[in-house]
Amino acid sequence: MAEVELQQRDGEHIPVTTSHQDVENVRHSQVRLEGLSTRDAADQDDQAVGYDAPIDETPQIVTPVENLNADAASKLDKKALILLLVQHFSNSWGSRTAEFAIYLFLITLFPDSLLPASIFGFLTTGIAIILSGWAGHQVDIRHNLQLVRACIVVIKFSACGAYAGSLVLLSRHDYGRLHDWSTPPGGGMFALIILCGCVQNLAGVAISVAIERDWVTVIADGSSAHLTTVNTYMRRIDLLCKLLAPLFVSLLTTAASYTFAAYFLCGVDAACMVFELIWIATVYRRFPTLKAAQEAKAALRQQNKQSERAQARTVPRASFIRNTSLGMKKHLRSSLSDWNEFVRHPIFLSSLAISCLYFTVLSFDGTMLSYLKAETYSDPFIAGMRGLNVVAGLLGTLTMPVLERKLGLVRAGNWSIWWEAACLVPVVISFYVGAPSTSEQAPKWNAAMLFGGMMLSRIGLWAFDLCQLKELQMALATHPRRNAISALQYSLQNIADMLKYILTMILARPSQFKIAALASFVSVVLGAMTYLAYVRKERGHILHHNLGDMIPLLKWKSR
1 MAEVELQQRD GEHIPVTTSH QDVENVRHSQ VRLEGLSTRD AADQDDQAVG YDAPIDETPQ
61 IVTPVENLNA DAASKLDKKA LILLLVQHFS NSWGSRTAEF AIYLFLITLF PDSLLPASIF
121 GFLTTGIAII LSGWAGHQVD IRHNLQLVRA CIVVIKFSAC GAYAGSLVLL SRHDYGRLHD
181 WSTPPGGGMF ALIILCGCVQ NLAGVAISVA IERDWVTVIA DGSSAHLTTV NTYMRRIDLL
241 CKLLAPLFVS LLTTAASYTF AAYFLCGVDA ACMVFELIWI ATVYRRFPTL KAAQEAKAAL
301 RQQNKQSERA QARTVPRASF IRNTSLGMKK HLRSSLSDWN EFVRHPIFLS SLAISCLYFT
361 VLSFDGTMLS YLKAETYSDP FIAGMRGLNV VAGLLGTLTM PVLERKLGLV RAGNWSIWWE
421 AACLVPVVIS FYVGAPSTSE QAPKWNAAML FGGMMLSRIG LWAFDLCQLK ELQMALATHP
481 RRNAISALQY SLQNIADMLK YILTMILARP SQFKIAALAS FVSVVLGAMT YLAYVRKERG
541 HILHHNLGDM IPLLKWKSR
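Here UniProt numbering is used: the sequence shown runs in plain steps of one and ends on residue 559.
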């Protein structure tokens with residue numbers, strides 16, 4: 001199978017094609033150049049050399065990222081990187097504020113049941129499961145910049161629509177008397193909130209695949225250090241937004257009102273949309289590798305269109321119904337092929353492990369917020385505890401690079417996920433020992449077990465998240481459909497997330513939350529055991545033969 005690469009000629013990047021055999025010949029010839037000076041050899045390693053491919057081979061897209069195990073000599077454009085991080089902060093801020101605010105509005109409007117929040121989470125997650133593969137495919141076939149811009153607009157308008165629906169419901173709040181969400185006005189606005197949440201979630205998947213999976217890998221340009229650096233920065237931004245956004249929303253609702261908070265957040269999202277469109281365009285211009293990768297995709301699309309036109313001239317024109325049927329069958333075959341390839345890929349066990357972590361209510365999501373509100377915890381207290389958990393997550397992002405250097409990437413992930421599982425033991429116990437049977441607050445020692453265990457578990461969770469993200473990026477760096485395959489991991493994660501909402505819809509009473517907590521802990525342990533299988537498959541063993549290597553954190557012996 002031939003590959004589309006970039007040949008440097010007179011300062012320009014020109015897409016050409018090479019066959020795998022030719023690439024191997026080039027690599028063997030580079031090995032024979034050991035007699036050259038070190039500088040000349042390094043220059044040759046940094047350049048991609050191509051030859052014409054045989055006519056009957058189909059070209060595939062390969063980005064400039066060729067070898068993620070070697071550090072590229074080029075430095076990242078600091079201004080462009082800062083703008084990328086600022087745009088990511090703005091996008092994450094809007095998503096996190098909407099995530100916390102919408103659930104808070106629903107819990108305030110419907111305080112007697114976890115069902116409305118669970119339905120919202122179930123449906124928004126379900127649409128992401130069904131269409132995540134389609135979203136990733138759009139990243140592969142659409143123009144990078146145009147797709148990201150469209151996602152930004154869709155995300156902001158969807159958030160504003162959800163705030164508008166919440167405002168209508170909040171305006172019907174009359175002296176503390178809430179209207180039933182099953183009434184036509186309440187049900188209509190609730191449906192609008194769900195619809196906007198579904199659209200926002202799907203657009204969020206697309207922009208996450210495009211930027212966090214595709215753009216970041218291309219920007220790293222073959223440097224493992226650059227890849228770790230950018231990934232870590234973006235994860236820290238996610239965590240900062242998780243920390244600050246709930247505190248900000250709680251400040252608005254406490255100092256002003258829920259109605260004012262909805263108006264204010266809607267205006268902020270509308271203003272941020274304009275700036276994000278400007279920032280992302282600047283990032284695209286200042287990173288030449290993004291444009292080069294886009295040109296390679298455009299060349300491939302042009303070849304495919306020419307082939308389709310040639311085939312269309314030789315095949316009789318079919319009816320509209322037949323064309324639609326053939327298109328659906330083609331899409332289904334393509335989806336099944338992607339899933340089959342993903343399941344057979346070595347990275348699948350790692351993806352399955354992190355997906356198990358999404359089947360949990362032991363995090364500050366909508367269901368946990370509903371439970372804590374039912375237990376009479378105040379909004380500022382909940383926001384503060386969520387903030388402490390995010391601080392612990394930030395510590396996890398600081399820990400991951402150290403663990404990777406000392407233990408290696410795979411072993412660092414293993415230690416991280418088992419740390420999370422161990423820290424959740426006292427959390428589960430707190431639901432069964434010393435938990436209040438009425439609406440009174442739990443004793444302090446019980447609350448310390450609950451919130452302290454959750455906080456410590458975030459260190460392992462976010463360290464493992466970074467490890468698994470880098471494993472996925474490295475495993476699919478040169479894959480011709482890496483964005484479509486990466487989106488399937490989102491589907492797995494969303495499936496686990498949706499199962500969690502099904503569980504909480506069945507166990508809708510706050511008194512039944514402890515059963516969901518136990519099921520969540522079991523899922524985390526299953527994820528850790530699945531990752532052990534991945535470790536054994538990658539390394540050939542789980543534990544080393546001598547005690548010093550079995551306890552690497554004491555001797556810091558790397559692989």
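Think of the CB as a built atom: it goes at the ideal place given N, C-alpha and C, for glycine as much as any other residue.
All figures in this text were calculated on a predicted structure; none of them were measured in a lab.
Does the stretch 353-371 come into contact with the stretch 96-112, if we say contact requires no fewer than three beta-carbon pairs (one atom in each stretch) closer than 8 Å?
yes
Just verifying my parser: in three-state terms, what is the DSSP assignment at Val427?
helix
Quick one: Cα of Gly540 to Cα of Leu456, how far?
30 Å
Measure the beta-carbon distance from Glu341 to Ile485 and round it to whole angstroms, keeping in mind my assumption that it falls under 8 Å.
7 Å
Tell me which same chain residues have a C-beta within less than 6 Å of the C-beta of Ile354, skipping the five on either side of it?
Gln468
Closest to Trp215 by CA distance: which of Ala159, Leu332, Val148 is it?
Val148
Report the option in Arg386, Leu532, Leu499 whose CA atom is closest to the CA atom of Leu243.
Arg386
Whole angstroms are fine: how far does the CA of Thr259 sit from the CA of Asp174?
No answer about Asp174 holds up, because its pLDDT of 49 lies below 50 and its placement is not dependable.
Please name the residue, chosen from Val199, Ile506, Ile193, that lies closest to Ser166 on a Cα-to-Cα basis.
Ile193
Leaving out the 5 sequence neighbours to the left and right, which residues in its chain are closer than 6 Å to Met188 when beta-carbon positions are compared?
Reading off the sequence shown, one finds Gly at residue 188, where the question assumed Met. For Gly188, where only same-chain residues beyond five positions count, there are no Cβ hits under 6 Å.
Are the CB atoms of Thr124 and Gly204 nearer to each other than 7 Å?
no
Rounding to the nearest angstrom, what Cα-Cα distance links Gln512 and Ala270 in this structure?
40 Å
Report the rounded CA-to-CA distance for Tyr263 versus Ala374, giving the unit in angstroms.
26 Å
Counting only runs of 4+ residues fully inside the stretch 167-227, write out the alpha helix (DSSP H) ranges in chain order.
184-208, 216-220
Would you check if the distance between the CB atom of Phe114 and the CB atom of Thr504 is smaller than 7 Å?
Correcting the residue identity first, residue 114 is Leu in this sequence and not Phe. Yes, these two residues count as a Cβ contact at 7 Å.
Work out the CA separation of Ser92 and Glu404 for me, nearest whole Å.
26 Å
Between the stretch 506-525 and the stretch 383-402, do at least 3 Cβ pairs fall closer than 8 Å?
no
Any idea what DSSP makes of Pro443, helix, strand or coil?
coil
Under a Cβ-count criterion, where at least 16 other Cβ atoms within 10 Å of its own Cβ denotes burial, should Thr63 be classed as buried or exposed?
Low confidence applies to Thr63: its pLDDT is 44, below 50, so where it sits in the model is not reliable, and the reading given next is rough at best. Per the 10 Å Cβ criterion, buried.
Out of Val168, Pro346, Asp365, Leu476, state which residue places its alpha-carbon closest to the alpha-carbon of Leu109.
Val168
Any chance the stretch 448-464 sits against the stretch 218-230, with 3 or more Cβ pairs inside 8 Å?
no
Neighbourhood of Asp56 by C-beta distance below 6 Å, restricted to the same chain and skipping five residues each side
Reliability of the predicted coordinates at Asp56 is poor, the pLDDT of 38 falling under 50, and no value is obtained from them.
Tell me, please, whether the stretch 422-429 touches the stretch 388-404 by the rule of three or more beta-carbon pairs shorter than 8 Å.
no
Under 7 Å, do Trp462 and Gly396 count as touching if we go by C-beta distance?
yes
From which residue to which residue does the alpha helix (DSSP H) around Leu388 run?
379-407
With H, G and I counted as helix, E and B as strand and the rest as coil, what does DSSP make of Ala256?
coil
Taking the alpha-carbon positions, what's the Ile506 to Ala496 distance?
16 Å
Let's test the definition: count the other Cβ atoms within 10 Å of the Cβ of Thr360 and tell me whether it reaches 16, buried, or not, exposed.
buried
Checking 7 Å against the spacing of the C-beta atoms, do Thr253 and Ala261 come in under that value?
yes
Check whether residue 564 and Ile237 have beta carbons under 7 Å apart:
Lying outside 1 to 559, the shown extent of the chain, residue 564 is not represented and no answer is given.
Tell me which residue opens and which closes the alpha helix (DSSP H) that His88 is part of.
78-109
For Leu472 versus Ile347, is the C-beta distance shorter than 7 Å?
yes
From Ile155 to Val433, what distance separates their C-alpha atoms?
43 Å
Look at the alpha carbon of Lys329 and the alpha carbon of Phe120, and state the distance between them as a whole number of angstroms.
31 Å
Euclidean distance between Cα positions of Arg213 and Ala442
42 Å
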